[in-house]
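J.: Just so you know, the sequences run in chain order A and B. If you count by this note's numbering, then the first sequence holds residues 4 to 468, one letter each, in order. If you count by this note's numbering, then the second sequence holds residues 4 to 468, one letter each, in order. Every residue, glycine too, gets a C-beta built ideally from N, C-alpha and C.
There are 2 protein chains.
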Amino acid sequence: MWCKKSFIYKFKNFFNLTIQKKYSVIASVLENANIGENAEVRGWVKNLRVQKELIFADVNDGSCAQKLQIIIPKELKTDALTYGSSVHIRGKLSKSPRGQLELVAENVKVLGPCVVLDGYPFNPRTTHPPEYIRQYIHLRSRTNFLSSILRVRSSVTKHIHDFYSSKKYLNVHTPILTSNDCEGAGEVFKVQPDCEDTIKAMMQDGKDKDTVYFGSKTYLTVSGQLHLEAICRGMGNVYTLGPTFRAENARSRLHLSEFYMLEAELAFCYSLEQLQNHIEELLKYIFIETRHTNEADLSLIDKENSKPPAWLQKKFATLTYDEAQDILKKKKVVNTENGLNKEQELALVDYCNGAPVFIVRWPKDLKSFYMKECQDDNTKVEALDLLAPITGEIVGGSLREDDYDRLKSKLPSDKLNWYLELRKFGNIPTGGYGLGLERLLQTMCGITNIKDTLPFPRWPHNCSM
Amino acid sequence: MWCKKSFIYKFKNFFNLTIQKKYSVIASVLENANIGENAEVRGWVKNLRVQKELIFADVNDGSCAQKLQIIIPKELKTDALTYGSSVHIRGKLSKSPRGQLELVAENVKVLGPCVVLDGYPFNPRTTHPPEYIRQYIHLRSRTNFLSSILRVRSSVTKHIHDFYSSKKYLNVHTPILTSNDCEGAGEVFKVQPDCEDTIKAMMQDGKDKDTVYFGSKTYLTVSGQLHLEAICRGMGNVYTLGPTFRAENARSRLHLSEFYMLEAELAFCYSLEQLQNHIEELLKYIFIETRHTNEADLSLIDKENSKPPAWLQKKFATLTYDEAQDILKKKKVVNTENGLNKEQELALVDYCNGAPVFIVRWPKDLKSFYMKECQDDNTKVEALDLLAPITGEIVGGSLREDDYDRLKSKLPSDKLNWYLELRKFGNIPTGGYGLGLERLLQTMCGITNIKDTLPFPRWPHNCSM
Numbered sequence: 004m005w006c007k008k009s010f011i012y013k014f015k016n017f018f019n020l021t022i023q024k025k026y027s028v029i030a031s032v033l034e035n036a037n038i039g040e041n042a043e044v045r046g047w048v049k050n051l052r053v054q055k056e057l058i059f060a061d062v063n064d065g066s067c068a069q070k071l072q073i074i075i076p077k078e079l080k081t082d083a084l085t086y087g088s089s090v091h092i093r094g095k096l097s098k099s100p101r102g103q104l105e106l107v108a109e110n111v112k113v114l115g116p117c118v119v120l121d122g123y124p125f126n127p128r129t130t131h132p133p134e135y136i137r138q139y140i141h142l143r144s145r146t147n148f149l150s151s152i153l154r155v156r157s158s159v160t161k162h163i164h165d166f167y168s169s170k171k172y173l174n175v176h177t178p179i180l181t182s183n184d185c186e187g188a189g190e191v192f193k194v195q196p197d198c199e200d201t202i203k204a205m206m207q208d209g210k211d212k213d214t215v216y217f218g219s220k221t222y223l224t225v226s227g228q229l230h231l232e233a234i235c236r237g238m239g240n241v242y243t244l245g246p247t248f249r250a251e252n253a254r255s256r257l258h259l260s261e262f263y264m265l266e267a268e269l270a271f272c273y274s275l276e277q278l279q280n281h282i283e284e285l286l287k288y289i290f291i292e293t294r295h296t297n298e299a300d301l302s303l304i305d306k307e308n309s310k311p312p313a314w315l316q317k318k319f320a321t322l323t324y325d326e327a328q329d330i331l332k333k334k335k336v337v338n339t340e341n342g343l344n345k346e347q348e349l350a351l352v353d354y355c356n357g358a359p360v361f362i363v364r365w366p367k368d369l370k371s372f373y374m375k376e377c378q379d380d381n382t383k384v385e386a387l388d389l390l391a392p393i394t395g396e397i398v399g400g401s402l403r404e405d406d407y408d409r410l411k412s413k414l415p416s417d418k419l420n421w422y423l424e425l426r427k428f429g430n431i432p433t434g435g436y437g438l439g440l441e442r443l444l445q446t447m448c449g450i451t452n453i454k455d456t457l458p459f460p461r462w463p464h465n466c467s468m
Numbered sequence: 004m005w006c007k008k009s010f011i012y013k014f015k016n017f018f019n020l021t022i023q024k025k026y027s028v029i030a031s032v033l034e035n036a037n038i039g040e041n042a043e044v045r046g047w048v049k050n051l052r053v054q055k056e057l058i059f060a061d062v063n064d065g066s067c068a069q070k071l072q073i074i075i076p077k078e079l080k081t082d083a084l085t086y087g088s089s090v091h092i093r094g095k096l097s098k099s100p101r102g103q104l105e106l107v108a109e110n111v112k113v114l115g116p117c118v119v120l121d122g123y124p125f126n127p128r129t130t131h132p133p134e135y136i137r138q139y140i141h142l143r144s145r146t147n148f149l150s151s152i153l154r155v156r157s158s159v160t161k162h163i164h165d166f167y168s169s170k171k172y173l174n175v176h177t178p179i180l181t182s183n184d185c186e187g188a189g190e191v192f193k194v195q196p197d198c199e200d201t202i203k204a205m206m207q208d209g210k211d212k213d214t215v216y217f218g219s220k221t222y223l224t225v226s227g228q229l230h231l232e233a234i235c236r237g238m239g240n241v242y243t244l245g246p247t248f249r250a251e252n253a254r255s256r257l258h259l260s261e262f263y264m265l266e267a268e269l270a271f272c273y274s275l276e277q278l279q280n281h282i283e284e285l286l287k288y289i290f291i292e293t294r295h296t297n298e299a300d301l302s303l304i305d306k307e308n309s310k311p312p313a314w315l316q317k318k319f320a321t322l323t324y325d326e327a328q329d330i331l332k333k334k335k336v337v338n339t340e341n342g343l344n345k346e347q348e349l350a351l352v353d354y355c356n357g358a359p360v361f362i363v364r365w366p367k368d369l370k371s372f373y374m375k376e377c378q379d380d381n382t383k384v385e386a387l388d389l390l391a392p393i394t395g396e397i398v399g400g401s402l403r404e405d406d407y408d409r410l411k412s413k414l415p416s417d418k419l420n421w422y423l424e425l426r427k428f429g430n431i432p433t434g435g436y437g438l439g440l441e442r443l444l445q446t447m448c449g450i451t452n453i454k455d456t457l458p459f460p461r462w463p464h465n466c467s468m
């Protein structure tokens, strides 16, 4: 019998693998350490105040938003100890006159100096605007603003995995490369080998360069939905979280060429309400959990975040597409095209007191071929958009057409015969959605420009590093 | 004050959001349910045995490897109830003569029929070989073999996130699109918009098509390491788990054009031993946790997996590159080129009784520009490969060159000036590694062909769906 606990016990004792100093990460020091204990921390100097006998250094190591105050006796000061430098400090924990935990240094080692005059773009005691910070993409995680966002993003990712795991959803790695061109909508990137020798070696008669490597033209994915549906029809509830791409020439504060999408497909999903309840539960779970793990980060990113949004305690509103149009007419927020534009989306959120709102029962013509027609009105489909503050549309979803013949009549391409075939053998009713991770972070943190929600943003004319 | 528990309590009671039937997932029924309880399950018929008065159906819903046996009184049988069909069954839990939990059906509804004669590729009571299953990529998650692998893959992913989270590592989403061509090695995919109108609209004088969208030639990433290093130098320990790409014309059972890589960068990492201990701890953690969450899946994939590998309880061996070459000479496993080929890698694993082995202190000429030279021998670098059964190389890592001038002299391209600059401001010593997720799954499960470790494999001439 394979006994877990005793084995791991033996394993830890035998190898003694994790030789980690106690409290070496500042987040743990601030959480768990006691006055009078010895401690050893490493990190970057975020602030330096030189007084007569003492130097006060605020050190942060990226593990949390907070900084640990270090008291450095003047004799331990070196010229290399400057703002931005990396340090290794040994000392004893003490309490400041204000009751704060601080570390009285007994040994200070500067690991890497940092000379602001030599081109370091950030200055002490300065809050740089996001546009400025964005110019230094390789260094910007050293700023309070971006490091807090990256910690929130990492936590949100963790909470997403925990949410689905607790519900026994399967995490599926849907592919980035696909021969499905997404109905030929044209906003896709195509992919081919960069090496002419590889292309020559693989070239067959009558083929063009675009098809030579994979045998068919290949694109970067715009959605993992169709692939998720295939796995869902064999294994039940599934989700995927990964990069998706759009080759649009759009430069708004809401658009990226590469962004993360969370997509899920619910097996045995019979009604849009079932889908709505699930999405609402997911969003509230992420918001609540992140407020607890990253309270300090959220406040640091935007002071408005110090209070939880009121809508967390209320049920999301639901409007049909027709009801939404009536409201917009009354409010005189008009649109010459079909569908909802960004201004209208935000007006509807405003109408719902700044809370997220589901728009359901969309005209069939405005939505995709795979969406299920409403039983009582075949000009409408069982689709939803969830609109949220700051970004407008944050989630899009629907029940999927599960009737083989109806789907066949709407299929946009022969290439999707495999998708049609999923309905032929042991089909089940499903519904699913896609949620833009960056837009979620915008709404959650109050970030107006989407380029500040991820470590390495890509948009037209911008793919540095 | 924002009080979590009471809020969530109110939240759950107020909305009653998760209206999930008790025990509706078969994994939960098998784990938690009691004889005599009512139950309701949904899934696919994996086996059907018709006897005089009763029908025995094995139903699986993807939540676990096990099937639930359903006892169906003959009067509830319909023609649509066949192998492969999807069903919804209500009944009472009972115990079989052999002591197994089974469900005595009171109501049987066939949701989606499945007619094998109409082209369904899988047959009852047949174990199809992986090569056959691979032809039906959109349906193959219905087979026992592939669904078990996908569950193991999902679990391994979860354990990976849990491992780093418990150590407070930051999860960084490194970009897929990059202007870094990986030292011009040539095995990269290039990316451009597919739409001629977009290209025309963005075209500037003197630009070629390859650079028009992003302003510079853009590739699919081969590694997130350099990007991780940037964040590590602002925020400490970091990791990334995501797709990477190689445009090689390689069709071996160990190669894919798109595969997942786990990469981590350790802050304040001073020695290769520190890195080795961390990698060993990670691998053993994943193996041990997955054996517990997916014991039945592992046995189903390969009977050899019913016992844990002996090496889990031993420390990994370490050989220097020179020692390894001496051993290979004695064993007469020769190689006309430099480095280690696959045969040699597996011979070294064999030499270590089938256990993983670290190969360290590599000749500088065989490794990358960013690796740190050994202090006592500048013809060698502080690099490691971890070799494992079935696949050979499974992890590659190194300490990173942290000396500004030495790195500058080795930098392969001006495009990497940002990488050099990381050493100029508050630099810290780091080390890191990359682990191929698919190769890990091969070693863990005993899967000889890498194409069976992921849901949608891509390799030359193969990118269907």
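Which class does residue 258 of chain B belong to by DSSP, given the choice of helix, strand or coil?
T.: In the structure shown, residue 258 of chain B sits in coil (DSSP, three-state: anything other than H, G, I, E or B).
J.: From the beta carbon of residue 138 of chain B, is the nearest beta carbon of chain A less than 8 Å away?
T.: False, the Cβ-Cβ gap to chain A never drops below 8 Å.
J.: Can you tell me which of the three DSSP states residue 147 of chain B falls into?
T.: Residue 147 of chain B falls in the helix class under three-state DSSP.
J.: For residue 174 of chain A, name the three-state secondary structure that DSSP assigns.
T.: In this structure, residue 174 of chain A counts as strand in the three-state DSSP scheme.
J.: Starting from the Cα of residue 200 of chain A, find the closest Cα among A:194, A:209, A:216 and give me that residue.
T.: If we check each option's Cα against that of residue 200 of chain A, A:216 comes out closest.
J.: As a quick exercise: from B:376, B:395, B:421, pick the residue whose alpha carbon is nearest that of residue 402 of chain B.
T.: With distances taken between Cα atoms, residue 402 of chain B lies closest to B:376.
J.: Are the C-beta atoms of residue 455 of chain A and some chain B residue less than 8 Å apart?
T.: Judged by the 8 Å Cβ criterion, residue 455 of chain A is not in contact with chain B.
J.: Considering only the alpha carbon of each residue, which of A:102, A:388, A:353, A:245 lies closest to residue 369 of chain A?
T.: With distances taken between Cα atoms, residue 369 of chain A lies closest to A:388.
J.: Is DSSP giving residue 191 of chain B helix, strand or coil here?
T.: Residue state, collapsed to three classes: coil.
J.: If you count every other CB in all the chains shown that lies within 10 Å of the CB of residue 63 of chain B, and 16 or more means buried, which is it?
T.: When all chains shown are included, residue 63 of chain B counts as buried.
J.: Does the CB of residue 384 of chain A have a neighbour CB from chain B at under 8 Å?
T.: Not an interface residue.
J.: Taking all protein chains shown into account, decide if residue 359 of chain B is buried (16 or more other Cβ within 10 angstroms of its Cβ) or exposed.
T.: By the neighbour-count rule (16 or more Cβ atoms within 10 Å), residue 359 of chain B is buried.
J.: Look up residue 142 of chain B in the DSSP assignment and say whether it is helix, strand or coil.
T.: Coil at residue 142 of chain B, not helix or strand.
J.: Let me see if you follow: with CB-CB separation under 8 Å, is residue 24 of chain A close to chain B or not?
T.: Any reading at residue 24 of chain A is ruled out, since the residue's pLDDT is 48, under 50, leaving its predicted position unreliable.
J.: Taking a cut of 9 Å between CB atoms, which residues from the region 257-287 of chain A lie near chain B?
T.: Residues passing the 9 Å Cβ filter: 260, 261, 263, 270, 271, 277, 280, 281, 283, 284, 287.
J.: Taking all protein chains shown into account, decide if residue 178 of chain A is buried (16 or more other Cβ within 10 angstroms of its Cβ) or exposed.
T.: Under this definition residue 178 of chain A is a buried residue.
J.: I'd like to know if residue 398 of chain B contacts chain A, where contact means its C-beta is closer than 8 Å to some C-beta of that chain.
T.: No - not a single Cβ of chain A is within 8 Å of the one on residue 398 of chain B.
J.: Got a sec, what are the start and stop residues for the beta strand (DSSP E) residue 242 of chain A sits in?
T.: First-last of the beta strand (DSSP E) with residue 242 of chain A: 241-248.
J.: So, under 8 Å CB-CB, residue 289 of chain B and residue 449 of chain B are touching, yes? Tell me the CB distance rounded to an integer number of Å.
T.: Going by Cβ atoms, the distance from residue 289 of chain B to residue 449 of chain B rounds to 15 Å, so no, they are not a contact pair.
J.: From what residue to what residue does the alpha helix (DSSP H) around residue 281 of chain A run?
T.: Element bounds for residue 281 of chain A: 275-296.
J.: Whole angstroms is fine: what's the gap from residue 86 of chain A's alpha carbon to residue 71 of chain A's?
T.: Going by the C-alpha atoms only, they are around 14 Å apart.
J.: So which residues on chain B does residue 126 of chain A lean against when the C-beta distance must stay under 8 Å?
T.: Ordered by position in chain B, no residue passes the 8 Å Cβ test against residue 126 of chain A, which lies about 13 Å from the chain.
J.: Does the region 129-138 of chain A come into contact with the region 155-166 of chain B, if we say contact requires no fewer than three beta-carbon pairs (one atom in each stretch) closer than 8 Å?
T.: As far as the Cβ criterion goes, the region 129-138 of chain A does not touch the region 155-166 of chain B, which means the pair count is below three.
J.: Name, please, each residue of chain B whose Cβ falls closer than 9 Å to the Cβ of residue 123 of chain A.
T.: By Cβ distance, chain B contributes 427, 428, 429.
J.: Reducing DSSP to helix, strand and coil, say where residue 108 of chain B ends up.
T.: Looking at residue 108 of chain B - three-state DSSP - the assignment turns out to be strand.
J.: With 7 Å as the limit, tell me which residues of the region 67-88 of chain B have their beta carbon closer than that to any beta carbon of chain A; keep them in chain order.
T.: Within the region 67-88 of chain B, the residues whose Cβ lies closer than 7 Å to some Cβ of chain A are 87, 88, listed in chain order.
J.: Going by Cα to Cα distance, which pick from B:413, B:430, B:198, B:361 is closest to residue 392 of chain B?
T.: Nearest C-alpha to residue 392 of chain B: B:361.
J.: Kindly confirm or deny that the region 423-440 of chain A and the region 224-239 of chain A touch, where touching means at least three C-beta pairs closer than 8 Å.
T.: Short answer: they touch.
J.: Flag this pair as touching only if the region 41-49 of chain A and the region 86-99 of chain A have three or more C-beta atom pairs under 8 Å; answer yes or no.
T.: Yes, the region 41-49 of chain A touches the region 86-99 of chain A.
J.: Return the CA-CA distance between residue 211 of chain A and residue 182 of chain B, expressed in angstroms with no decimal places.
T.: If you take the alpha carbons of residue 211 of chain A and residue 182 of chain B, they lie about 25 Å apart.
J.: Restricting to runs no shorter than 3 residues, where is the beta strand (DSSP E) found entirely within the region 414-454 of chain B?
T.: Listed in chain order, the complete beta strand (DSSP E) runs (minimum 3 residues) inside the region 414-454 of chain B are 433-439.
J.: Tell me which residue opens and which closes the beta strand (DSSP E) that residue 230 of chain A is part of.
T.: Note, residue 230 of chain A: premise wrong, no beta strand (DSSP E); alpha helix (DSSP H) at 228-238.
J.: Determine the direct distance from the alpha carbon of residue 104 of chain A to that of residue 439 of chain A, and round the result to whole angstroms.
T.: Whole-angstrom Cα-Cα distance: 39 Å.
J.: Comparing the C-beta of residue 197 of chain A with each C-beta of chain B, is any distance below 8 Å?
T.: It does; some Cβ of chain B falls within 8 Å.
J.: Candidates A:203, A:122, A:280, A:307: which alpha carbon is nearest residue 318 of chain A's?
T.: For the residues A:203, A:122, A:280, A:307, the minimum Cα distance to residue 318 of chain A belongs to A:280.
J.: Mind listing the chain B neighbours of residue 28 of chain A? Cutoff is C-beta to C-beta under 7 Å, in chain order.
T.: By Cβ distance, chain B contributes 171.
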